[in-house]
Amino acid sequence: MSLTDNDRRLYGIDDSHLLTIASVLPDNGSDRHRLQPAAVHAFITLQTAASAAGIDCQIMSSYRSFAQQQSIWDRKWQGELPILDAEHQPLDITLMTDVEKMHSILRWSALPGGSRHHWGTDFDVIDRQSVNACQHEIQLVEAEYAQDGVCGNLSQWLVAHAHEYGFYRPYAQYHGGIGCEPWHYSFEPLAQGIMQALSLSTITYLIKDSDIKGKDVILANIEIIFSRYILNQQQI
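This note's numbering applies: residue 470 is where the sequence shown begins, and numbers increase by one.
Structure, rendered in structure tokens:
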């Protein structure tokens with residue numbers, strides 16, 4: 470199977486179409502992060518509005534390549550990074566079957582090739598000023614975005630206003646696949662079309678062609694992974 474140029478962009482192989490935020494607005498606190506051009510401009514507009522409301526909205530994570538996503542996956546599979554349960558507590562992988570381990574990783578970490586962070590439309594945000602003032606080491610857990618959390622004001626502002634700038638939360642609710650992620654926002658005008666273009670056969674090819682850890686169990690469950698975790702279709 471040969472990948473098209475669009476495939477390479479869609480699945481985190483090629484990032485040549487992305488802009489750094491600094492290329493549009495130098496000295497921005499999120500300057501090193503990369504998104505598609507339309508998403509960069511929309512984010513800067515959102516960020517400016519948040520700043521006027523006293524909120525320091527900064528990106529913590531944006532584009533990740535297939536290789537970067539695989540590194541996260543492999544380290545979790547091998548126990549080098551913790552795998553967290555629904556309450557963000559570490560699990561003992563020595564007590565799991567490979568299938569259980571796979572599902573546990575997928576709750577919070579996407580399969581390489583199936584991550585929205587490949588698209589240049591999605592990012593994770595924090596209120597950096599609040600985090601720094603509290604001397605808090607951000608973990609990206611739900612409690613940090615609750616009303617009394619270190620990013621609570623940011624979260625409430627985004628829920629009220631993000632849609633005005635074209636952004637939404639793809640993981641606003643738990644549907645039986647990806648966990649609820651109040652920190653994760655997506656630029657809807659681009660992301661919806663990308664979601665519709667995703668291909669099970671292409672992702673299967675990419676996994677087969679990789680040296681990802683747990684490859685056999687991934688391929689044996691690839692249709693479930695695609696529907697439950699990549700498309701995030703309702704399971705409960």
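Ideal Cβ placement from N, Cα and C applies to all residues, glycine included.
Expected contact under 8 Å - CB spacing of residue i and residue j to nearest Å
i: residue 547; j: residue 682; result: 6 Å
i: residue 544; j: residue 481; result: Residue 544 to residue 481, Cβ: 17 Å. No contact.
i: residue 654; j: residue 637; result: 7 Å
i: residue 499; j: residue 537; result: Actually they are not in contact, since the Cβ atoms of residue 499 and residue 537 sit about 18 Å apart, beyond 8 Å.
i: residue 645; j: residue 704; result: 3 Å
i: residue 616; j: residue 604; result: In fact, because the Cβ distance is near 21 Å, the residues do not count as touching under 8 Å.
i: residue 562; j: residue 550; result: Actually they are not in contact, since the Cβ atoms of residue 562 and residue 550 sit about 11 Å apart, beyond 8 Å.
i: residue 567; j: residue 686; result: 4 Å
i: residue 593; j: residue 530; result: 4 Å
i: residue 505; j: residue 487; result: 6 Å
Residue i: first and last residue of the uninterrupted alpha helix (DSSP H) it sits in
i: residue 630; result: 621-630
i: residue 573; result: 567-577
i: residue 674; result: 669-677
i: residue 520; result: 506-521
i: residue 658; result: 657-666
i: residue 694; result: 691-694
i: residue 477; result: 474-479
Residue i - containing beta strand (DSSP E), residue span
i: residue 530; result: 526-530
i: residue 591; result: 591-596
i: residue 534; result: Neither: residue 534 is in no beta strand (DSSP E) and is coded neither H nor E.
Own chain partners of residue i with C-beta closer than 7 Å, once the 5 adjacent residues on each side are dropped
i: residue 610; result: 557
i: residue 410; result: As displayed, the chain neither begins before 470 nor continues past 705, which places residue 410 out of reach and without an answer.
i: residue 630; result: 518
i: residue 758; result: This structure cannot speak to residue 758, because the chain is shown only from 470 to 705.
i: residue 612; result: 618
With 16 other Cβ atoms within 10 Å as the buried cut-off, status of residue i
i: residue 680; result: exposed
i: residue 657; result: buried
i: residue 678; result: exposed
i: residue 525; result: buried
i: residue 628; result: exposed
i: residue 475; result: exposed
i: residue 591; result: buried
i: residue 571; result: buried
i: residue 509; result: buried
i: residue 620; result: buried
i: residue 584; result: buried
i: residue 522; result: exposed
i: residue 660; result: buried
i: residue 651; result: buried
i: residue 485; result: exposed
i: residue 623; result: buried
i: residue 501; result: exposed
Residues near residue i by beta carbon distance below 6 Å, same chain, minus five either side
i: residue 607; result: 595 and 600
i: residue 648; result: 576 and 577
i: residue 639; result: 655
i: residue 696; result: 702
Cβ-heavy atom distance, residue i to the ligand FAD, below 7 Å
i: residue 515; result: What this structure holds is no ligand at all, so the ligand FAD is not there to describe.
Neighbourhood of residue i by C-beta, 8 Å cutoff - its chain only, sequence neighbours within 5 removed
i: residue 675; result: 480, 535, 581 and 582
i: residue 700; result: 664 and 667
i: residue 520; result: 526
i: residue 560; result: 551, 552, 553, 554 and 573
i: residue 692; result: 669
Residue-level contact to chain D via CB, residue i, 8 Å cutoff
i: residue 474; result: Annotation note: the requested chain D is absent from the structure, which comprises a single protein chain.
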